[in-house]
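Visitor:
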Amino acid sequence: MATRYNFSDWIVFEDDDYVVVNKPPHLATLDDRAAPVSLLSLARQYHGSMQVCHRLDKETSGALLLAKNQAAYKAANTQFAARQIDKVYHALANGVAGFQEDTIELPLHISSSGKARISYRAGKPSVTHVKVLERFAQHTLLECQPVTGRLHQIRVHLAARQLPLVSDALYDGAPLLLSQIKKKYKAKAEQEERPLISRVALHAYALGFTDMSGKKQIISTPYPKDFRVALQQLQKHASL
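For the sequence shown, position 198 matches number 197 in numbering that gives the first Met the number 0, and the numbering has no gaps at all.
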């Protein structure tokens with residue numbers, strides 16, 4: 000059965016010029032031949048001239064900025080180009096971070112297959128600030144602030160620190176299974192165990208931008224159910 004979406008349910012901020020939504024996972028930001036519906040198409044049903052000011056990967060949830068008119072769209076683009084937009088992501092990673100705070104500076108190159116890799120010869124400068132929010136027995140909850148906005152930047156940078164994201168198979172991130180963290184876990188007979196989160200465990204937690212009146216807006220978004228449940232299970236069964 001097709002998933003039914005209600006764009007207005009996702010709105011966490013709205014004024015005459017901008018909308019910020021809490022994008023659900025598994026929804027493409029832009030129109031895609033492989034997907035029957037996109038966030039942009041739904042946004043334009045809500046407001047006919049809506050434009051997305053940036054994009055999130057299909058599996059990534061969280062804060063996404065849209066503009067209702069061309070002037071607002073241009074103003075947001077100017078802020079993104081000048082790196083004046085504050086972006087904060089929360090990530091569940093495999094492995095226990097050996098640092099409290101870190102700045103990862105590794106150049107990234109996008110291959111013809113669409114996969115990002117570290118390349119000192121062909122890569123573009125890429126910077127991510129990372130802070131530990133919570134450690135678990137075999138996992139870490141991290142706050143990530145990308146200074147640059149390269150494709151898959153957070154995912155590749157964390158994998159380079161031996162902290163690949165949960166369920167990020169593209170960059171060797173293992174899934175999170177309840178049987179891994181819960182003592183005396185009993186699997187259901189003849190039923191394959193499903194991961195606690197079935198997509199890359201990355202959430203765009205907060206977004207800061209300047210609105211058309213010149214006021215700085217900082218908008219945060221709650222975790223979706225899958226991310227919240229995975230984190231709760233780690234807190235319950237794998238806390239240090």
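Where a beta carbon is used, it is the ideal one built from N, C-alpha and C, also for glycine.
Rounding to the nearest angstrom, what Cα-Cα distance links R3 and L206 in this structure?
Guide: C-alpha separation (whole angstroms): 26 Å.
Visitor: Starting from Y204, follow the beta strand (DSSP E) in both directions and report where the run begins and ends.
Guide: From DSSP, the beta strand (DSSP E) with Y204 extends over L201 to T209.
Visitor: Could you tell me if V155 is buried or exposed, where buried requires 16 or more neighbouring beta carbons within 10 angstroms of its beta carbon?
Guide: Buried.
Visitor: Quick one: complete alpha helix (DSSP H) runs, 4+ long, within the region 111-159?
Guide: Whole alpha helix (DSSP H) segments, 4+ residues: 152-159.
Visitor: Is the Cβ-Cβ distance between V129 and E100 less than 9 Å?
Guide: Contact flag set, yes.
Visitor: Kindly identify the DSSP beta-bridge partner or partners of F6.
Guide: Partner(s): none; F6 has no beta bridge.
Visitor: Could you check what DSSP says for S48 in three-state terms: helix, strand or coil?
Guide: DSSP places S48 in coil when its eight states are reduced to three.
Visitor: Would DSSP call V11 helix, strand or coil?
Guide: Reduced to three states, the DSSP call for V11 is strand.
Visitor: Mind checking whether T147 and S125 have CB atoms under 9 Å apart?
Guide: It is a contact, given that the beta carbons lie within the stated cut-off.
Visitor: Might you give, ordered along the chain, the residues of its own chain that have their beta carbon closer than 7 Å to the beta carbon of I218, omitting 5 neighbours on each side?
Guide: Taken in chain order, the residues that qualify are V11, F12, V19, A62, A205 and L206.
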